[in-house]
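All the letters of the sequence shown, read from the start, carry residue numbers 30 to 95 under my numbering. Where is the CB? At the ideal position from N, CA and C, for every residue including glycine. For reference, the structure is listed below as structure tokens.
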Amino acid sequence: MTDNSNPSRKAAPPGGPALEEARLRQQAIGVKLRHMFDEVVNEPVPDEFLDILRRADDRSSGGGGA
30 MTDNSNPSRK AAPPGGPALE EARLRQQAIG VKLRHMFDEV VNEPVPDEFL
80 DILRRADDRS SGGGGA
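Below, the structure is given as structure tokens:
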């Protein structure tokens, strides 16, 4: 029988320390990926790319063009 009356003792995570370490690594990777994604999203769109998009819009809406 196990004594669970001591609340200061925490149960070991299922799978042991190796699984906990893997989870911490995955969490760290997720944090870094979100940070990188946020940086990319906040970068300005290059003018050349905006020109390409405008020309594509003009062609698809029948606006003519070259």
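- Where Pro46 is concerned, the enclosing alpha helix (DSSP H) starts and stops at Gly45 to Val70.
- Between the alpha carbons of Glu50 and Asn71 lies a distance of about 32 Å.
- Here DSSP, grouped into helix, strand and coil, assigns Ser90 to coil.
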